[in-house]
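Undergrad:
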Amino acid sequence: MFAVNVWPVASRGNPQPDSCRLSRSRPPMLRCPSSRWSWTCRVHRCWAPASRILRAGLRGCHGDWDSDQAPRRFKVVEAVGQGAYGVVCSAKDELNDDTVAIKKIESAFDDITFAKRTLRELKILRHLRHENLIDIRYVFLPGLKSNFEDIYVISELMETDLASILKSPQPLSDEHCQFFTYQILRGLKFVHTAGVIHRDLKPRNLLVNSNCDLKICDYGLARLAMNNGDSRPLTEYVCTRWYRAPEVLCSWADYGPAIDMWSIGCIFAEMLRRKPLLPGKNTQHQLNLIVSHLGFPDSETISRIKNEKCRKFLESLPKTAGPQLLFEAVGPQPAAVLELLNATLQFDPERRFTVEQALELPYLEQLHCPEDEPSCPMIDLSDFEFERRKIDLAALREEIFLEALRYHPELQLRYLQEQQALGTGHDICSYRLLAPGESQYDEVGSS
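Okay, so the sequence shown: first residue is 1 according to the UniProt record's numbering, each after it adds one.
Right, here's the structure in full:
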């Protein structure tokens with residue numbers, strides 16, 4: 001049996017841009033809210049401090065390669081966050097004398113949807129190396145290839161997220177809002193030029209530290225621009241509702257990077273007013289809030305909405321004119337602030353500014369520097385062939401295993417040589433393509 005302890009090596013990827021220019025523009029330091037979390041462990045069926053569970057997981061790793069030494073390089077400090085599928089702890093990397101975040105993804109294969117999101121995020125973050133994007137440093141998997149269930153992902157440690165900052169009592173100056181907005185756009189430019197749509201931008205997915213550094217995280221809902229015969233239906237259920245673009249709410253047949261720009265507009269407005277701009281209770285209420293704040297969309301935009309139910313609902317709303325309520329919601333603001341809001345919060349995605357256009361707006365003039373806003377080459381779509389195919393959990397396990405092996409080149413080479421010698425190499429292309437309109441998640445039990 002091939003053991004699967006994939007221990008860390010230095011991360012690889014594009015060199016990160018020099019941050020000296022941004023350091024000179026940095027606003028005053030923030031006080032970062034912090035909290036300790038508890039986490040329900042489905043395996044132990046009891047409440048326990050997350051740090052204790054994670055330590056147990058690290059001690060329980062067994063295998064043929066560095067099974068005794070590798071876990072000991074990480075000394076867990078405390079639990080710092082909790083998500084729907086796992087816990088995050090801060091830890092000391094005693095080998096590099098560095099502090100890192102360890103995310104434990106528990107029972108990764110209990111749900112095929114989540115397993116695919118995990119694989120997607122691991123692959124995307126391997127390709128995207130930028131100082132405004134969270135960086136995966138190492139990945140390791142405890143157990144054997146055939147039965148590992150948990151995944152440990154080590155990344156740089158950020159102190160808090162923008163949502164916690166906005167809920168805290170500390171003031172945010174215009175300088176802070178400007179610096180955060182610039183970093184979001186700077187990171188998103190790298191994402192979009194790689195052919196990736198994030199699809200879940202919100203304050204909780206923007207990590208920050210006391211030095212006001214910002215990094216975009218959580219790519220589980222991201223999507224690549226796959227034009228090579230991709231027939232997957234797009235879904236409305238991406239992005240948290242309050243930050244969801246009109247074209248997603250209206251179930252348009254297709255949408256693109258403009259949905260991320262809408263989310264940025266909502267986040268920017270939230271920074272200005274310290275509370276969400278459009279806190280809809282359901283899809284209809286969300287559309288109602290959008291129309292009341294931005295004005296009624298013109299007939300040409302309405303005609304492009306193919307969902308008849310949605311179109312009729314919009315036509316039943318009051319015919320408000322212009323973004324007057326939007327400007328009232330953020331209070332008195334300089335013209336440059338209102339221009340950025342108006343550029344990103346357009347009902348029609350074709351009229352919304354691209355990330356490159358937004359970076360050139362007067363509001364960001366003091367920070368904008370094209371030479372220090374790198375683009376990313378388009379991601380090789382062959383690395384995401386699993387997105388277009390009807391695969392089962394066994395294939396997902398193999399794909400995640402191979403992805404983790406990339407962080408241990410020696411082990412990767414040995415495994416591939418063994419597979420070649422046995423004639424049992426994994427080929428994702430052996431799985432059939434999805435039929436037009438077929439969901440990846442149909443008949444989950446058989447896949």
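Ideal Cβ placement from N, Cα and C applies to all residues, glycine included.
Using the beta-carbon count (16 or more within 10 Å), is L95 buried or exposed?
TA: Per the 10 Å Cβ criterion, exposed.
Undergrad: Less than 6 Å between C-beta atoms, sequence neighbours within five positions excluded: which residues of the same chain meet that for R432?
TA: Same-chain partners within the cutoff: K390.
Undergrad: Expressed to the nearest angstrom, what Euclidean distance is found between the alpha-carbon atoms of D110 and R397?
TA: For D110 and R397, the distance between alpha carbons rounds to 11 Å.
Undergrad: Could you say if the segment 307 to 323 and the segment 201 to 213 meet the contact criterion of at least three C-beta pairs nearer than 8 Å?
TA: Verdict: no, contact absent.
Undergrad: Looking at S90: is its Cβ nearer than 9 Å to the Cβ of T99?
TA: Against a cut-off of 9 Å, the Cβ pair of T99 and S90 comes out as a contact.
Undergrad: Around the Cβ of E315, are there at least 16 other Cβ atoms within 10 angstroms (buried) or fewer (exposed)?
TA: Exposed: under 16 other Cβ atoms inside 10 Å.
Undergrad: Going by DSSP, what residue range makes up the beta strand (DSSP E) through C177?
TA: Per DSSP, C177 belongs to no beta strand (DSSP E); it is in the alpha helix (DSSP H), D174 to T193.
Undergrad: Could you give the first and the last residue of the continuous beta strand (DSSP E) run that contains F140?
TA: Taken as a continuous stretch (DSSP letters only), the beta strand (DSSP E) holding F140 covers I136 to F140.
Undergrad: Between the C-alpha atoms of residue 483 and H198, what's the straight-line distance to the nearest angstrom?
TA: Outside the shown range of the chain, which is 1 to 447, sits residue 483, and nothing can be said about it.
Undergrad: With DSSP run on the structure shown, which of helix, strand or coil describes L393?
TA: Helix, per DSSP.
Undergrad: Which whole-angstrom value is the C-beta distance of I267 and P203, which I expect to be below 8 Å?
TA: About 6 Å; that satisfies the 8 Å criterion.
Undergrad: What would DSSP say about A108, mapped onto helix, strand or coil?
TA: Correct three-state label for A108: coil.
Undergrad: Taking Cβ to Cβ, would you say V208 is nearer than 9 Å to D135?
TA: No. Outside cutoff.
Undergrad: Just the Cα atoms here: how many angstroms apart are G295 and L278?
TA: Distance between the alpha carbons of G295 and L278 is about 14 Å.
Undergrad: According to DSSP, simplified to helix, strand and coil, what is T240?
TA: In the structure shown, T240 sits in coil (DSSP, three-state: anything other than H, G, I, E or B).
Undergrad: For D93, which residues does DSSP report across the bridge?
TA: F74 and D98.
Undergrad: In the DSSP assignment, what are the bridge partners of G437?
TA: BP columns for G437 are empty, so no partner.
Undergrad: With DSSP as the reference, identify every bridge partner of G280, one or two as the case may be.
TA: Per DSSP, none; premise fails for G280.
Undergrad: Checking 9 Å against the spacing of the C-beta atoms, do G195 and R273 come in under that value?
TA: Cβ atoms of G195 and R273: not closer than 9 Å.
Undergrad: In angstroms with no decimal places, state the Cα-to-Cα distance between A56 and E78.
TA: Note that A56 scores a pLDDT of 43, beneath 50, so its modelled location is shaky; the value from the coordinates is reported in the next line. The straight-line gap from Cα to Cα measures roughly 13 Å.
Undergrad: Could you give the residue range of the alpha helix (DSSP H) that holds E270?
TA: Per DSSP, E270 belongs to the alpha helix (DSSP H) from A258 to R273.
Undergrad: What is the rounded straight-line gap between the Cα of L416 and the Cα of H426?
TA: Rounded to the nearest angstrom, the two C-alpha atoms are 9 Å apart.
Undergrad: Look up Y415 in the DSSP assignment and say whether it is helix, strand or coil.
TA: Helix.
Undergrad: Does T113 come out as helix, strand or coil in the three-state DSSP assignment?
TA: Here T113 sits in helix by DSSP.
Undergrad: Rounded to the nearest angstrom, how far is the Cβ of L166 from that of M271, given a contact under 8 Å?
TA: Right, the Cβ-Cβ distance comes to about 7 Å (below 8 Å), so this counts as a contact.
Undergrad: Does any CB atom of chain C fall closer than 9 Å to the CB of G331?
TA: Note that chain C does not occur in the displayed structure, where there is just one protein chain.
Undergrad: Take H192 and list the residues in its own chain whose beta-carbon comes closer than 6 Å to its own, dropping the five residues that flank it on each side.
TA: Counting only Cβ-Cβ distances below 6 Å, and skipping sequence neighbours, we find P257 and V355.
Undergrad: Taking C-alpha atoms, which residue in H127, L405, L325 and K75 lies nearest to P377?
TA: Ranking the options by Cα distance to P377, first place goes to H127.
Undergrad: Quick check: D200 and C239, are their CB atoms within less than 9 Å of each other?
TA: Yes, the Cβ-Cβ distance between D200 and C239 is below 9 Å.
Undergrad: Run the CB neighbour count on A321, radius 10 Å, all protein chains shown included, and call it buried at 16 or more, exposed below.
TA: Exposed is the call here.
Undergrad: Taking buried to mean at least 16 other C-beta atoms within 10 Å of its own C-beta, is S439 buried or exposed?
TA: So S439 ends up on the exposed side.
Undergrad: According to DSSP, is K312 part of a helix, a strand, or is it coil?
TA: Residue state, collapsed to three classes: helix.
Undergrad: From F401 to F74, what does the alpha carbon distance come to, in whole angstroms?
TA: Looking at the two C-alpha atoms, the distance is approximately 21 Å.
Undergrad: Which runs of the alpha helix (DSSP H) spanning at least 4 residues fall entirely within the segment 328 to 379, listed in chain order?
TA: Here the runs fully enclosed are 335 to 344 and 355 to 359.
Undergrad: Helix, strand or coil for K202? Go by DSSP, reduced to three states.
TA: Reduced to three states, the DSSP call for K202 is coil.
Undergrad: Spatial neighbours of C429 within its chain, please: CB distance less than 7 Å, with the 5 preceding and 5 following residues excluded, ordered by chain position.
TA: Counting only Cβ-Cβ distances below 7 Å, and skipping sequence neighbours, we find E385.
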